[in-house]
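The structure appears right after this line, and notes come after that.
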Amino acid sequence: MLQLDWITLLAALLAAFIIGVVVSRLWIKSRGEDSESLKRQLDDLKRQHQNYQVSVTEHFNRTTELIDNLNRNYNAIRDHLNRGADELIAPEYRLESARAASHEDLQNLAPATESESEFDTPRDYAPKDTHEEGTLSETYGLRREQFFEETESDTEQDEVEPGAKKTQ
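151 is the number that the UniProt record's numbering gives to position 151 of the sequence shown; each next residue is one higher, with no gaps.
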């Protein structure tokens, strides 16, 4: 009888193992996690990435074409305006020197200005007497008594705590 119980137990374990394998296979296939579905997903992602790369390349090619068209249209507009100016403006009103972009001729067309020597050069400092402290001095803006009090307290603190940093 004891032997029959062991055989029954082994048969039940074998049946449970087989049922577990079958159920796990069905579970994996239902979730789509088998190796074939993973390969399909990988192939789909590769295809999407390639399509994206092609789209980016097409986008930049189209952008280049549009910029080239813009440059051609700009040149056409400039030529049209130059021809219109030649045809519509009387010769005595034309500024040929401006079109030639000669620097000396353009200087002659500019209105006369006052000479540059008449102006004082700008100063980045305040004028001071020789006995006054400059604005970059460490004691600028401090009263003499206040300066001496601060220097005395600093030296006393250094004597009490050498190497200690000052706190303010």
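C-beta: ideal position from N, C-alpha, C; glycine also.
query: Just to confirm, is the Cβ distance from threonine 139 to glutamate 132 under 9 Å?; result: no
query: What number of angstroms, rounded off, separates the C-alpha of glutamine 41 from the C-alpha of arginine 47?; result: 10 Å
query: DSSP three-state label for aspartate 86, please.; result: helix
query: Tell me whether arginine 62 sits in a helix, a strand or coil according to DSSP, three-state version.; result: helix
query: Please list, in chain order, all residues of the same chain as glutamate 65 whose beta carbon is under 7 Å from its beta carbon, the five residues on each side excluded.; result: none
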